[in-house]
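Numbering of the sequence shown is given in the numbering used here, commencing with residue 6 and proceeding in unit increments. C-beta atoms are modelled at their ideal positions from N, C-alpha and C, and glycine is treated no differently. To start, the structure itself, in structure tokens.
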Amino acid sequence: MDVSPAPASFTGGFAMESTALSTRALDLLLLLRGSEPEGLGRADQVSYQIETAILMGILTEGDRLPTESVLAAELGISPITLRQSLAALRTKGLIETSRGRSGGSVIRGQIDLTDNQLQRKLRDASTESLRDLGDLGAAISSMSARLAASRADAQNVAHLEDLVQRHRDTKDERTRRRVDSRFHVAVSVAAQSSRLTSASLQLEAELMTLWWSHPAQADSQEVLEAQHVAILEAIRARDADAAAVAAELHSRTETEYLIAQHLRLTMESDESA
6 MDVSPAPASF
16 TGGFAMESTA
26 LSTRALDLLL
36 LLRGSEPEGL
46 GRADQVSYQI
56 ETAILMGILT
66 EGDRLPTESV
76 LAAELGISPI
86 TLRQSLAALR
96 TKGLIETSRG
106 RSGGSVIRGQ
116 IDLTDNQLQR
126 KLRDASTESL
136 RDLGDLGAAI
146 SSMSARLAAS
156 RADAQNVAHL
166 EDLVQRHRDT
176 KDERTRRRVD
186 SRFHVAVSVA
196 AQSSRLTSAS
206 LQLEAELMTL
216 WWSHPAQADS
226 QEVLEAQHVA
236 ILEAIRARDA
246 DAAAVAAELH
256 SRTETEYLIA
266 QHLRLTMESD
276 ESA
């Protein structure tokens, strides 16, 4: 994942406030295994997992990773391999590491791919591949919402409510897209299916490197917000059929928007050639 490098940070104490990583965030981080490109060594795979979690907003500035021994055990790797991964992340300026008994690594900031990177990735994709991603997304989101309607607990519903509100209140397009992605994953989490959640995470990780747009029109945002509410209300009402229909409609709407952006970028590129 291409991010701007920053000087490595290895200090005797943290320069920022930090909070322990939540169980939910750690679980999602672990489920990202398999999202990395083929051919990476294990240390690079772990670095990619953590970078993707930062890109998606699963890990945010100030989050403190578990101790090396605990994190290595959770990831199923040796402490030496984990140290190699953390060293690469420090070189990129993504984490700050502190020595000592209370030491550890803290997320330093948020990854934001540049407009040029996102435009190029979306322009170079094919309409067929985007439609294929959309079909997969519709299948995952529909089944996730259907199961969530019967399995979600009060904590799941409260988390979905929070994400719906955050999406409505957020004005920044990048942050709004990140919250939208988290909403999709949260529906899968509410389905109480680790395989669906893993599939949702890996799909959203891929979409996060494609999604680009000019400032969104107010009416399009109102449509997406209304669709979020429809999914939430169906899950809250335990209406599995309505939840599945609402989730599939939302996924299809976003896919159509993504393909429209792709076609616009392709036409602009052809006109300037």
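Please name the residue, chosen from Thr86, Ile55 and Arg128, that lies closest to Glu273 on a Cα-to-Cα basis. Arg128
| field | Sufficient close CB pairs (3 or more, under 8 Å) joining the segment 193 to 208 to the segment 44 to 52 | value | Taking a cut-off of 8 Å for Cβ pairs, the segment 193 to 208 and the segment 44 to 52 do not touch, as fewer than three such pairs fall below it.
**Asked** Excluding five sequence neighbours on each side, which residues of the same chain lie with their C-beta closer than 6 Å to the C-beta of Leu215?
**Response** Lys126 and Leu127
message = According to DSSP, Ala25 sits in a beta bridge with which residue or residues?
response = Arg69
Checklist line | For Leu285, three-class secondary structure by DSSP | finding: Since the first residue shown for the chain is 6 and the last is 278, residue 285 is missing from the structure and cannot be characterised.
Nearest-angstrom Cα separation, counted from Leu80 out to Arg136: 33 Å
Next on the checklist: Can you confirm whether the segment 143 to 160 touches the segment 170 to 181 when touching is taken to mean that 3 or more C-beta pairs between the two stretches lie within less than 8 Å?
Outcome noted: no
_Ile82 - containing alpha helix (DSSP H), residue span_ = No alpha helix (DSSP H) holds Ile82; DSSP gives it neither H nor E.
| Taking just the CA atoms, how far does Asp167 sit from Pro220? | In this prediction, Pro220 scores a pLDDT of 48, lower than 50, which makes its location untrustworthy; the coordinate-derived value is nonetheless stated afterwards. Rounded to the nearest angstrom, the two C-alpha atoms are 23 Å apart.
ask   = Can you check whether the CB of Glu211 is closer than 8 Å to the CB of Val340?
value = Nothing can be reported for residue 340, as the shown portion of the chain is limited to 6 through 278.
Where does Leu208 fall in DSSP's three states? helix
* Asked: Relative to the C-alpha of Thr57, which residue among Glu73, Leu99, Glu238 and Thr24 is closest?
  -> Ranked by Cα distance from Thr57, the first of Glu73, Leu99, Glu238 and Thr24 is Leu99.
Task: Assumed close pair Leu64, Leu34 - CB separation to whole angstroms, cut-off 8 Å - done: 7 Å
Does the Cβ of Thr119 have 16 or more other Cβ atoms within 10 Å, making it buried, or fewer, making it exposed? exposed
(Q) Here's the rule: buried if 16 or more other CB atoms are within 10 angstroms of the residue's CB, otherwise exposed. What is Ile116? (A) buried
If I follow the unbroken alpha helix (DSSP H) through Ala157, where does it start and stop? It is not in any alpha helix (DSSP H) - Ala157 carries neither H nor E in the DSSP assignment.
#### Entry: Residue of Ile85, Leu26 and Arg243 minimising C-alpha distance to Ala157
Arg243
How far does the alpha helix (DSSP H) with Leu118 in it extend, from its first residue to its last?
No alpha helix (DSSP H) contains Leu118, which DSSP labels as neither H nor E.
inquiry  = Within 10 Å of its beta-carbon, does Leu268 have 16 or more other beta-carbons around it, so buried, or fewer, so exposed?
reply    = exposed
- Taking the C-alpha atoms as reference points, what is the distance between Thr72 and Ala150? 35 Å
Would Leu229 and Val192 be called neighbours here (beta carbons separated by less than 8 Å)?
no
Extent of the continuous alpha helix (DSSP H) to which Thr271 belongs | Ala245 to Ser277
Notebook entry, point to check: Who are the Cβ neighbours of Leu91 in its own chain at under 7 Å, not counting the five residues just before and after it?
Noted result: Ile100, Thr102 and Ser110
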